[in-house]
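*Asks:* Here our numbering = 1-based position in the sequence shown + 261.
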Amino acid sequence: MKSAGNPRLVVRIAQSGVLNKLLTLCEGEWRMTGHTLWNEDLRGTAEALLQGLEPDELLALDALSMLGTRSVASLHSIVATTMLDRLEGRGLVAVSENIDGELCVASNPPLLVDYFRDNHVLYSRRVLVKRIENVAEALAPAPGNGRFMTPSVAAAVGQLREESGAGARWLPVTSKNSCACGRKPITNSGRRTQAWPTRPRSSSSTGAVP
262 MKSAGNPRLV VRIAQSGVLN KLLTLCEGEW RMTGHTLWNE DLRGTAEALL QGLEPDELLA
322 LDALSMLGTR SVASLHSIVA TTMLDRLEGR GLVAVSENID GELCVASNPP LLVDYFRDNH
382 VLYSRRVLVK RIENVAEALA PAPGNGRFMT PSVAAAVGQL REESGAGARW LPVTSKNSCA
442 CGRKPITNSG RRTQAWPTRP RSSSSTGAVP
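Have a look at this one:
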């Protein structure tokens, strides 16, 4: 559910759906006329949820939205655990367990996924393409190294690359922590205690900066 159970958000999505003819009343039942209820009128609603976020937090949410629900362990090289902690504190990521008992996170509410995947979002996917490609290079198969980029991550990179070529504009970088490229994950320099499980890394890993 795009609203994540938020009653006010449910009403807003429904109202904008009716106004944009994405929801119609047919034989006493409301039905969708397409595959999504996302529309331009919901942009302001989504941006209100993001108000006050730092550029690095926005980039982290964009990455999570493009990659979908992921285990915390699989995100270490892209979004730092300290960043996940910050976003959870703001209620912008949902935490769950998969069938294997792994802790997983996803953007919350799901409406934000539609917002970040919309082609008219003002900052460029090129930043994320570069970041994820750098991580993929670091994890590429090599003698004695069995790690690799999964098909789902490869698909996300392809989608990001396609969108970045559609003329998206750049987000002004105002934070020293929000570099446009490089191998370090999206992180923060705060001293909060990590509330997320971590796994040991080698000195050559592109792991999170504590």
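Built from N, CA and C at the ideal position, the CB exists for glycine as well.
Assign E318 to buried or exposed, taking buried as 16 or more other Cβ atoms, counted over all protein chains shown, within 10 Å of its Cβ.
*Replies:* Buried is the call here.
*Asks:* Run through DSSP, which three-state label would A341 get?
*Replies:* Looking at A341 - three-state DSSP - the assignment turns out to be coil, as it is neither helix nor strand.
*Asks:* Would you kindly check if the distance between the Cβ of L325 and the Cβ of L348 is under 9 Å?
*Replies:* Yes, the Cβ-Cβ distance between L348 and L325 is below 9 Å.
*Asks:* From which residue to which residue does the alpha helix (DSSP H) around T330 run?
*Replies:* Neither: T330 is in no alpha helix (DSSP H) and is coded neither H nor E.
*Asks:* Let me check understanding here. Comparing Cα to Cα, which of A367, G352, S357, N359 lies closest to V340?
*Replies:* Nearest C-alpha to V340: A367.
*Asks:* In whole angstroms, what separates the C-alpha of R351 from that of Y376?
*Replies:* Cα-Cα distance, rounded: 18 Å.
*Asks:* Can you give the Cα-Cα distance for M327 and R378, rounded to whole angstroms?
*Replies:* Their backbone Cα atoms lie some 7 Å apart in a straight line.
*Asks:* Identify, in the order they occur along the chain, each residue of the same chain with its Cβ nearer than 6 Å to the Cβ of W299, setting aside the five sequence neighbours on each side.
*Replies:* Answer for W299: D375, listed in chain order.
*Asks:* If you draw a straight line from the alpha carbon of L270 to that of G362, how long is it in whole angstroms?
*Replies:* Rounded to whole angstroms, L270 to G362 spans 30 Å at the Cα level.
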